[in-house]
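Step one of this worksheet: look at the structure below.
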Amino acid sequence: MAVDAGFDAPVLFQTYVLNTTQAALARIKAIGQALPDEQDRDLALYSLDYALKLPDAWPVTGSLLTALAPKMEQAGHRRDWIMFLDAGIDASRACGDLAIESELHLQKGILYQLLAEYEQADSQYVLSQAGFTALSDQRGLARVLNRRAFVTRRLGRYREAEEHAAAAMALLAADDPELGYSYQVLGTIAYDRMQWQEAVRRFEQSLDLLAGSDDRRRLGWAYSNLGLALWQTGDLAAAEANLLQAMDIFAAIGDRIHQSVAQMNLGNVLVARGKLEQALQVYMEAEVVFRKAQDVERMASVNNNLGKVYREMERFADALAPARLGVEYYGQLHQPVELINSLEGVGETCVGLGNWADAAEAYRAALSHIDEVDNAAWQ
296 MAVDAGFDAP VLFQTYVLNT TQAALARIKA IGQALPDEQD RDLALYSLDY
346 ALKLPDAWPV TGSLLTALAP KMEQAGHRRD WIMFLDAGID ASRACGDLAI
396 ESELHLQKGI LYQLLAEYEQ ADSQYVLSQA GFTALSDQRG LARVLNRRAF
446 VTRRLGRYRE AEEHAAAAMA LLAADDPELG YSYQVLGTIA YDRMQWQEAV
496 RRFEQSLDLL AGSDDRRRLG WAYSNLGLAL WQTGDLAAAE ANLLQAMDIF
546 AAIGDRIHQS VAQMNLGNVL VARGKLEQAL QVYMEAEVVF RKAQDVERMA
596 SVNNNLGKVY REMERFADAL APARLGVEYY GQLHQPVELI NSLEGVGETC
646 VGLGNWADAA EAYRAALSHI DEVDNAAWQ
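Take the sequence shown: its letter number 253 is residue 548 in this note's numbering, and every next letter is one higher.
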């Protein structure tokens, strides 16, 4: 049978890829803030596998990448999604699309931030910042400055973090939801400094601003952070109310990771009320989610918390494994206060077990990190 002379296989294939990618983009946009179901996600990833290799498909491919990126992050994808972002960065650079390239560097930085690889995150943010600056994109610049504020705070560079947050705030309108993130960063800095009332004030500023927006995820963050700060002030009823509100929001939008963060913080309230068995259950449920997401920072926190509760229950043998995991995870982070506290927890556990040599070793290790602490209130 003769082949139709008008049949052009490469053109037909490109048309198929383009149409499939457009369909995937339409489905991602149609779900709004919700996460894609398995079918929509698989269609999007299938489309990207081919579309990223076709320069002519770039306009729709770039749009699909930027629409899908925050949803993949929210669903817990980390290193597997970084591979797609890297391919997108290469393609955007080849197509001369600085706007998409800058956005993808920002999204890649967010993933490294969530992996607690803060130096790598900041390197991506620096590239994103340069791009948004060249484009005179003030809101894009404010977004990346806010993220730089967060990671420099995590790296212990508090003055630099405050400068980044202030620079972001200067670029934003008074009612911009992004300003809510600035307030949250300033709140976390106050929290690190043990300035509980200032942390509450900043988180309340964020909550007041975000209450009128449609950004449910950031609103959930504000409730969760405010609940944590209120717990530190001893206002357990208000802390619980805010944390439950956060959990409801995250459940509604399918953000299982941040729902578990709020749940973990609720565990702290339960401990303060003496409900240790309930707290254990809450912590163990959250730990499963954090481990699946490779969330080192939260795995450190929840294992440290598990060790504390077991010690309060005088179940020292049960406390040892999570206490040591807390030390292991905090050792991967630039958080000397938390590392010292977790080492002291191992020491207390070993004392409870009558293991004096290991206890002394843990306390010596804790003392060796004292000079790393840049926190006058803590010292």
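Every residue, glycine too, gets a C-beta built ideally from N, C-alpha and C.
Coil, strand or helix - K348 by DSSP: K348 sits in coil when the DSSP states are folded into three classes, being neither helix nor strand.
Does DSSP classify V489 as helix, strand or coil? It is Met, not Val, that sits at residue 489 in the sequence shown. Residue state, collapsed to three classes: coil.
If the criterion is Cβ atoms closer than 8 Å, does the pair L399 and G383 meet it? yes
Quick one: which unbroken beta strand (DSSP E) runs of 3-plus residues sit fully inside the segment 398-477? Chain order, please. Within the segment 398-477, no beta strand (DSSP E) run of at least 3 residues lies entirely inside it.
Looking at C-alpha atoms only, which residue of L648, V641, G640 and E633 is the closest neighbour of I665? E633
Short Cβ contact (8 Å threshold) for Y476 with N441: yes
Could you give the residue range of the alpha helix (DSSP H) that holds A657? W651 to L662
For E457, which residues of its own chain have a beta-carbon under 8 Å away from its beta-carbon, when the five flanking residues on both sides are left out? Here E457 has A444, L481 and I484 as same chain residues with Cβ atoms under 8 Å from its own Cβ, once five neighbours each way along the sequence are excluded.
Does the segment 537-548 come close enough to the segment 505-522 to have 3 or more Cβ pairs within less than 8 Å? Cβ pair count under 8 Å is three or more, so yes.
Once DSSP output is grouped into helix, strand and coil, what is the label at G327? coil
Between K403, L307, V446 and D471, which has its C-alpha nearest H629's C-alpha? V446
Report the option in Q309, G549, Q527 and Q554 whose CA atom is closest to the CA atom of Q540. Q554
For E457, is the beta carbon positioned less than 7 Å from some heavy atom of the ligand NAD? Of ligands this structure carries none, so the ligand NAD is not represented either.
Straight-line CA distance for L343 to R551? 25 Å
Should A557 and L538 be called a contact, given that it needs their Cβ atoms to be closer than 8 Å? yes
For D350, count neighbouring Cβ atoms within 10 angstroms of its own Cβ and tell me buried if that reaches 16, exposed if not. The amino acid occupying residue 350 in the given sequence is Pro; Asp does not appear at that position. Classification for P350: exposed.
Under a Cβ-count criterion, where at least 16 other Cβ atoms within 10 Å of its own Cβ denotes burial, should S596 be classed as buried or exposed? buried
Can you tell me whether R336 is helix, strand or coil according to DSSP? helix
Taking C-alpha atoms, which residue in E493, R496, S501 and G451 lies nearest to M464? S501
Below 6 Å CB to CB, which residues in the same chain sit around Y345 once its five sequence neighbours on both sides are set aside? V312
Distance, G649 Cα to K403 Cα: If you take the alpha carbons of K403 and G649, they lie about 47 Å apart.
Going by DSSP in three states, R610 sits in which element: helix, strand or coil? If DSSP states are grouped into helix, strand and coil, R610 belongs with coil.
Rounded to whole angstroms, how far is the Cβ of V641 from the Cβ of A618, which I believe are closer than 8 Å? 5 Å
Tell me which same chain residues have a C-beta within less than 7 Å of the C-beta of I548, skipping the five on either side of it? Q328, A329, R511 and R512
Relative to the C-alpha of S663, which residue among I635, V439 and L380 is closest? I635
From this set, R454, R452, A461 and G451, which residue's C-alpha is nearest V439's C-alpha? For the set R454, R452, A461 and G451, the Cα lying nearest the Cα of V439 is the one of A461.
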